[in-house]
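Using my numbering, the first residue of the sequence shown is number 4, and each one after it goes up by one.
The C-beta atom is built at its ideal place from N, Cα and C for all residues, glycine as well.
Presented below is the structure to which this report refers.
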Amino acid sequence: VAAQKRVKALPDVPVMPELGFESMKSGSWQGVFVPAGTPAPIVNRLFTAVLKVMSDPEVTKRLNDNGIEVVTSKSQEEFTAFMKSENEKWAKVVEKVGVVMD
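Given below as structure tokens:
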């Protein structure tokens with residue numbers, strides 16, 4: 004499992020750092036995106052609504068029961084920074100291994 008800590012759904016399966024691959028950490032993530040230039044009040048309203056849903060104990064429980072750990076960003080800026088760092092990380096991997104599109 005390419006995660007930083009063990010996954011609840013697979014508690015007996017070691018994660019890559021435990022196997023000596025410290026830099027091999029990953030996970031899936033989702034986000035809500037809007038077109039550039041979307042007015043800030045609309046962006047803020049969407050962010051608040053998504054955060055409210057993802058913080059709901061029943062939603063969190065249902066996702067956890069299916070092996071999904073809910074992690075939310077504290078702000079839009081935090082999510083943007085995370086997304087940029089993920090893009091930079093994976094761009095380096097793509098370049099290093101020479102991935103090309105047909």
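Closest residue to residue i among the options (Cα-Cα distance)
i	options	result
Ser76	Gln33, Glu91, Pro14	Gln33
Phe24	Lys8, Pro14, Val37	Lys8
Ser78	Ala94, Gly101, Val10, Asn47	Asn47
7 angstroms Cβ cutoff met for residue i and residue j
i	j	result
Leu54	Val35	no
Leu66	Val74	no
Met27	Ala5	yes
Same chain, Cβ closer than 6 angstroms to residue i, neighbours up to 5 away in sequence not counted
i	result
Ala1	The structure shown does not extend to residue 1, since the chain spans only 4 to 105, so no value can be given for it.
Val16	Val4
8 angstroms Cβ shell around residue i - same chain, five flanking residues per side excluded
i	result
Ile45	Val37
- Item | Three-pair Cβ contact test at 8 angstroms for the segment 81-93 versus the segment 8-28 | no
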